Structures are given as C-alpha cells and as structure tokens.
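Here is the structure we will look at.
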Amino acid sequence: MASDELKKIIEFLKKYDGPAMTIMEVCGSHTGAISKSGIPDMLSDKIRLLSGPGCPVCVTPTSYIDKAIELSLVPGNTVCTFGDMIRVPGSKETLGEAKGRGASVEMLYSPFDIIKEADQNPDRNYIFAAVGFETTAPVYALLIDRIVKEKIKNIRLLTAIKTMPEVIDGLMEQGASVDGFLAPGHVSVITGSKMYEPLAEKYSIPFGVAGFRPEEILTAIYGIVKSYKKGRVMNFYPSVVSADGNVKAKNLMSQIFEKGDAHWRGLENIPNSGLYIKEEYASLDAGSHGLDEDNARNKACRCSEVLMGKIMPTQCPLYGKVCNPTNPAGACMVSEEGSCRAWYSGGRQR
Amino acid sequence: MEQKISMLHGSGGRSTGELIDNIFAKEFDNDTLNEMEDSAVVPGSGKIAVTTDSFVVTPLEFRGGNLGRLAVCGTVNDLLMRGAVPKYLTCGWILEEGAEVDVLKRLVHSMAETAREAGIKIVCGDTKVIEGHGGIYVNTAGVGFVPDGVDISAKNAKAGDVIIASGNMGDHHSTILSDRLSIVTDIASDNAPLTDMVFKLIGSDVEVHTLRDVTRGGLATVLKELAESSENCFSVDEDKIPISDKVRDFAALLGLDPMYMGNEGKMVCIVPKKDAEKALSIIRGSKYGEDASIIGKVENSGTTGNLFMNTSIGGKRNLTVLEGEGLPRIC
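Chain order of the listed sequences is B and G. Numbering of the first sequence is given in my numbering, commencing with residue 1 and proceeding in unit increments. Numbering of the second sequence is given in my numbering, commencing with residue 1001 and proceeding in unit increments.
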C-alpha cells in the first residue's frame, strides 16, 4: 500500500501540467518494470517515458550474430550464450535457426558453467558469446581471469560489451530530445552515480538513479520532473548504489578490458563505447573487433528509431503484426527487456 | 533384471514380459489390468469425459514429484475441470535404450500411488523401447464420468462472476527450471491431483461456472484464453495473486513473470459473486487448496477477450498469452 509520501508523488505525476518532459530509461529491467506495473497510465500526458538502448541484446549488430553463427558451424566448436541471444536475428538467421541445421549452440545461465563443459570435453573448442553492459562485464573479467589462472586451453570469448555514459552522450549528440534520464540501477551499482555528472552538466538535464520496484521508479520520475533543465544527478537507490561504485570490480575490468569504438544497432559507431579484451589476453578473443555491419533482415524494421527514442514501438509498421515475441523481426522484440517486447508484454499504448 | 533398458526389452518376447511383470503389473495390480487382455472392458456411464496427454519432462525426478506422478495429475486434473469423476487411466511408456531400470521403477511406483490418491484405475498400458540416450516418456488417456446435471465449461463464465486461484503460482516451473539451470533452491513442484477440491465444490451448493487447470503458459495465458472463449473482459488484482516469496525471488532473479509460469496442481475457479466466499472456503479447506485466493472478476463492461491487471502501485496492465518460451533474461 502506498505511503502518504508516495500518494502525493502519484497525485503530482498524474496532475502534472508543467513543461512537457520526455524521460528516457536506458535499462531493460526498468523498461520491463515500467510496463508490468502499468506506470505509463499513471502519468500526466505531459510526461512521456521512452525506452532507450538499455538491452544489450537489442543493440547487438547483425554482424556479431553472423560471426557467432559462423563460429558455431565450425566442426569441433560450441558457442555458448544466454537464452535470449539464441533468438536474435542476424542478417540471415538466428543462432537457434543455425542450430536447427547442425550448428553447436548451447544456452547457459552462468558464464562459469562453460568451464565445466570445457573440462568435460577437452577436444571441443568453446566460445562464449559475451554481450552486456557494465553490469555483466565484471563477470566476464572474472571468467577470463580464471581461464588464464587455470590455463584452460579450449575457451574463448566473442565479446560485445558496451558502456553507458558514452551511448548516452552519443544519443544526445545525435539530437535525441530527452529532458531527463532514469539512470540504470544495476549498471550504477558497478560504475557509481558520479559517472553521470559530466553528462548532466554538459546537457543541463537531470539524472535519477533508480531501483526497480514501481514505487522506486515513480519516486525517481518525480525527482527528474522536479529538476527540469537542471544538470544534476540524484541517487534514489542509495541502498546499493554509491557515488564511486564497486571499485574492486572496476579495477578487475580495467585489468582485462580496454576501451574501443563500438557499433550499436541503430546508433552506428559510438567512439569509446565498447570494452575489448586487452592485447595481452588476445588469444582468448574469438574475433570481436570490427563487427560493425548492421543489416536488418526485414527492411521495414524500425528498431533503430525505437532505440533512439524517435518513435514509440507501436509506431513501427511491423509491431505486433509481422513482429511479435514468437517471431521477432527486430532485436528489440526478443528479450523481455527489449523496448518493443516490454511494450508488447505490458500491452502498452503510450 | 538388468540395470538398464535395452532394445531387448522392446522385443515383445521374454524380456518384454519380464519388464511388464516386474515393474508395471506389480505396481498397477488390479482386476482389470491383471486380465492382461488386448483391451480393457469396463463399466460405462451416460456422459463420459475423455482426455489424453503426453509427458516429456526433464529431469525425470524433481523435488516434489516425478514423471509418473505428473502424468496422473495432468490427466486427472483435465477430467476434473469438466466436473467429471476420474475413472480409468491408460499409459503408454516410451523408453529409450539406456534408461535406468531403478528410475523407471520409482516412476511407475509413483504413478500407481498417485492414481490411488486420485481414485483413478490404471486399466491398460503399453511399453515401447526406442534407440536413444536413456530418456523416458509417457502418454496417457483418461476417462471420467460426468454426473447428471453437471455443466462446467469455459463458456459459462458470466459478467459479475468472481475468479478464484486455488493456490500459489509458479512452483512447478521454478522447480524444473532451477534444476535445469543448476540453481540451488528448495522450491518443490506442486504436482497434485485436485480430486478432493473439485469433488467438494461440486458436492456443495456452489454454482461452479468454470474450472481450468493452470498448467503451461501460466495464469495469465489461461485467464486470457478463458476471457476470449467466454467473450468477456477479465480483471485481476496483482496484490491478490498467490505467489510464494521464494518463487517471487526466483522469478525476479531470472527476469521471469510468475503470471506466465507453469503449475501442475493449481486451478482457477469461476463462480457467481454470491457463492464466492463459500467456494473460497471450500477450496481452502481441501487438500492442496490452503493458499487459495479470490484474485479478480469477470467485468460487466470492457473489451471482450481482454484481460487486465490492476497493479499494486495503482496502474493498469494488459495481459496477453505467453509468447515464446519464457527463457531467463540476459542481464
């Protein structure tokens, strides 16, 4: 039940009649939570929520999927990845479809499960298709650390690891009309809330770091709306997010990874927005550089504009018709955290 | 007898006979089955309910149950949902070469035990052995007698009716998934025959409009299908949906929604508003019904075929049927 304070916030957001504001969330878990809790219906028409590039699956370019498929078809190779990746369209097919014609593809829950597999089958080569943001990067760093320390010979990684501040900067540079960001909770646990300060100042917009319960999201939206045009970072998730983040995880990441340009589906190349395995561990890299082709299987797919916040998922001509969670035409419809999928699952219209 | 199933057990000769005698006939022991005729001849009824199902779960044994128990529960519950009294069950077992005989024995033992609990008689069966890697599958058929005057159907749900869920959602799904993903939890499958619950409801003066077991696809899928087939608009209250804390946490960890997670011993029951409290107390007082809750209603207005949820925070969410496979999320 809502506390008095929360009731006031809910009433304020419903009756809000100030300047129109577009608030973007850049975390798939936020997108999912917003849809599932019915928050859009609780806001005044003057407040619009947009889903940005917050799902690592959705921003993976087709050439990455194609590369993973190519590796999975080589005799003796097995490509392991998280469930959702198996259904992401490449330029011609998905990993799942490739599996149907003989590719060796396995779904894992934890990247560390690959160590057991590799140990049991020393004659096979294992490749982990490692996608994610700052949240997952430390896990991959730990995996690489173990591979090195235990001298495991038959595991490599195909990485597509991306970082948040650069893509937010990229979005704003490319002219996204956003008046505030709901900053990602999980990512911020690692990076710390201070990370958004330069961006808040540069664009004079508020950032609210939020948790995932509906009341936490509403509170953060309230804080953002109240801070219209103010370049400030507010931490509404102080129980787990600190200003500096997880220093130990950040150190491990910088030991294993280095920054580089990365291709985001729909946003093209964004300088320094990727993390790549450092030169000294290059033998563990299955070919992660230069995967910057992005050719949608369906030409009418407008995932890129959805990710840019230019259109709502419902404005794409394929949404809900040709493209649905069972047969996703674009990557945004694959993961529960994808913008289109979250809208679809939540029956969202606005 | 050998420890593993081999192609010999499917020969139809001596080894097949041994398999049947040592495992199946011993456990299923009853006068009809013991005749060992080509078909079972049994007494009938005016209106009968017939259903069939196949069970292909991995792992074969899980916390709270196994393939044998699951097969009986799935079939019996389908009969019960039409108000039928479960009477006869058949089972066709497909055994892959290499299947463990000890495991098979445990599955068959559970099947026999659960059939006794549910009051259904296993009247005939079959086994086949195929090449493979030790898998075990079973197909069943179930027959039930529908008492005179009983008419329970999806199409009977009416505006103003109340929707009751018979217990916590997502336990079976969480159990199987945690095993497959090697996640340690003590959540156990809810696989159970709902005989006691349904008999008590039908035996009372409650006017039962609709019963539906909430299996694959979960509560949201089942309610959405009922809203469509009864041409009504359904609403549920998020606060009222019974979900255990353990399942809630497990689902949150994997990014799954308990509204879409499968169960094997839960049903929804739709009754007129006047009977709601009585039906709830009957269900709560029955075996496997202690966590039952009134979760929503059949709306007087709204778009036909729609299912929406009043969320805890005060929002509204439209629910559709399950799409895709319900895989764990990526981040």
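Every residue, glycine too, gets a C-beta built ideally from N, C-alpha and C. This structure is a prediction, so every number in the text was calculated from the model and none was measured.
Beta strand (DSSP E) segments (min. 3 residues) lying fully within the stretch 173-251 of chain B: 180-183, 207-209, 233-235
Beta-bridge partners of S104 of chain B, as assigned by DSSP: Paired residue(s): none; S104 of chain B is not in a bridge.
Of the choices G:Q1003, G:L1223, G:P1043, whose alpha-carbon is the least far from that of E1097 of chain G? G:Q1003
Hey, out of G:C1073, G:S1286, G:G1074, G:C1091, whose CA is closest to E1027 of chain G's CA? G:C1091
Alpha carbon of W1093 of chain G to alpha carbon of S1293 of chain G, nearest angstrom: 37 Å
If you measure between the beta carbons of V1247 of chain G and G1167 of chain G, is that distance less than 7 Å? no
Say whether chain G places a C-beta atom closer than 7 Å to the C-beta of G38 of chain B. yes
Less than 8 Å between the CB atoms is what I'm expecting for A1157 of chain G and I1270 of chain G, so what's the real figure, rounded? 5 Å
I want to see whether chain B comes within less than 7 Å of N1318 of chain G, judged by CB atoms only; does it? yes
Consult DSSP for H1209 of chain G and reduce its assignment to one of helix, strand or coil. coil
Using the three-state DSSP reduction, which class does I152 of chain B fall into: helix, strand or coil? coil
Taking DSSP as the reference, what is the three-state secondary structure of A1049 of chain G? strand
To the nearest angstrom, how far is it from the Cα of T326 of chain B to the Cα of E1323 of chain G? 6 Å
Report the option in G:K1273, G:K1297, G:D1190 whose CA atom is closest to the CA atom of L1223 of chain G. G:K1297
What does the alpha-carbon distance come out to for the pair G211 of chain B and V1208 of chain G? 43 Å
Roughly how many angstroms lie between the CA atoms of D4 of chain B and Y109 of chain B, to the nearest whole one? 41 Å
I'd like the span of the beta strand (DSSP E) that includes R962 of chain G, first residue to last. Limits of chain G in this structure are 1001 at one end and 1331 at the other, which puts residue 962 of chain G out of reach.
Using DSSP with H/G/I as helix, E/B as strand and the rest coil, what is C1331 of chain G? Legend: pLDDT at C1331 of chain G = 39, less than 50; position of this residue unreliable, value from coordinates given subsequently. Of the three classes helix, strand and coil, the one that applies to C1331 of chain G here is coil, per DSSP.
Pick helix, strand or coil for Y126 of chain B, following the three-state DSSP scheme. strand
If we ignore side chains and look at the alpha-carbon of each, how far apart do E1100 of chain G and M1001 of chain G end up? 11 Å
May I ask you to verify whether the stretch 164-178 of chain B touches the stretch 282-297 of chain B, counting CB pairs closer than 8 Å and requiring at least 3? no
Between the alpha carbons of G347 of chain B and G1255 of chain G, how many angstroms are there, rounded? 18 Å
Can you list, in chain order, the residues of its chain with a C-beta nearer than 7 Å to that of G1289 of chain G? Leave out the 5 residues immediately preceding and following it. S1166, G1167, M1197, I1283
Smallest Cα separation from T1140 of chain G: which of G:G1074, G:T1185, G:P1193, G:L1104? G:G1074
Exposed or buried, which one is G18 of chain B when buried takes at least 16 other CB atoms within 10 Å? exposed
First and last residue of the uninterrupted alpha helix (DSSP H) at N1034 of chain G: 1031-1034
Just to confirm, is the Cβ distance from G1262 of chain G to T1311 of chain G under 7 Å? no
Quick one: list the residues of chain B neighbouring E1323 of chain G, beta-carbon separation under 7 Å, in chain order. N324, P325, T326
Compare the beta carbon distance of G76 of chain B and N125 of chain B with 7 Å and say whether it is the shorter of the two. yes
R48 of chain B bridges to which residues according to DSSP? B:T22
Determine the extent of the alpha helix (DSSP H) in which D4 of chain B is found, giving its start and end residues. 4-15
Please confirm if L1181 of chain G has its CB atom under 7 Å from at least one CB of chain B. yes
If I follow the unbroken alpha helix (DSSP H) through I69 of chain B, where does it start and stop? 62-73
Skipping 5 residues on each side, what residues in its chain have a beta carbon closer than 7 Å to that of Y319 of chain B? P313, C340
Environment of P359 of chain B [buried if 16+ CB atoms lie within 10 Å]: Because residue 359 of chain B is not part of the residues shown, which for chain B are 1 to 350, the question remains open.
Boundaries of the beta strand (DSSP E) in which F1308 of chain G is found, first to last residue: 1307-1310
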